[in-house]
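Heads up: the sequence shown is residues 109 to 154, going by our numbering.
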Amino acid sequence: MVVARNTMSRRQNPSEFLKQIIGKPVVVKLNSGIDYRGICEDFTDF
């Protein structure tokens, strides 16, 4: 599995970032230390 690098080097709005990672492997790390790994399938607009 390839770990995504921080792609936020240039300013962009969060919705643009989320659209770019749909269909790609993601790791979500919670403050509690739990990691969730999977493929980003969709997100809810905010």
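Even for Gly, the Cβ is constructed at its ideal location relative to N, Cα and C. Values in this document were obtained by computation on a predicted structure and should not be read as measured data.
Limits of the alpha helix (DSSP H) - the one that residue i falls within
i: K137; result: Here K137 belongs to no alpha helix (DSSP H); instead the beta strand (DSSP E) covers 133 to 137.
i: F147; result: The sequence shown places Ile at residue 147, rather than the Phe named in the question. Run containing I147: none in the alpha helix (DSSP H); it sits in the beta strand (DSSP E), 143 to 147.
i: I129; result: 122 to 129
Rounded C-alpha distance that separates residue i from residue j
i: I142; j: K127; result: 24 Å
i: G146; j: Q120; result: 24 Å
Residues near residue i by beta carbon distance below 6 Å, same chain, minus five either side
i: I129; result: C148
Status (buried if at least 16 other CB within 10 Å, exposed otherwise) for residue i
i: T152; result: exposed
Beta carbon proximity, residue i to chain B, threshold 7 Å
i: E124; result: Note that chain B does not occur in the displayed structure, where there is just one protein chain.
Any non-hydrogen atom of the ligand MG closer than 6 Å to residue i Cβ
i: V134; result: By its list of ligands, the structure shown contains no ligand whatsoever, and the ligand MG lies outside what it can speak to.
Spatial neighbours of residue i in its chain, beta-carbon cut-off 7 Å, leaving aside the 5 residues before and after
i: K137; result: D143
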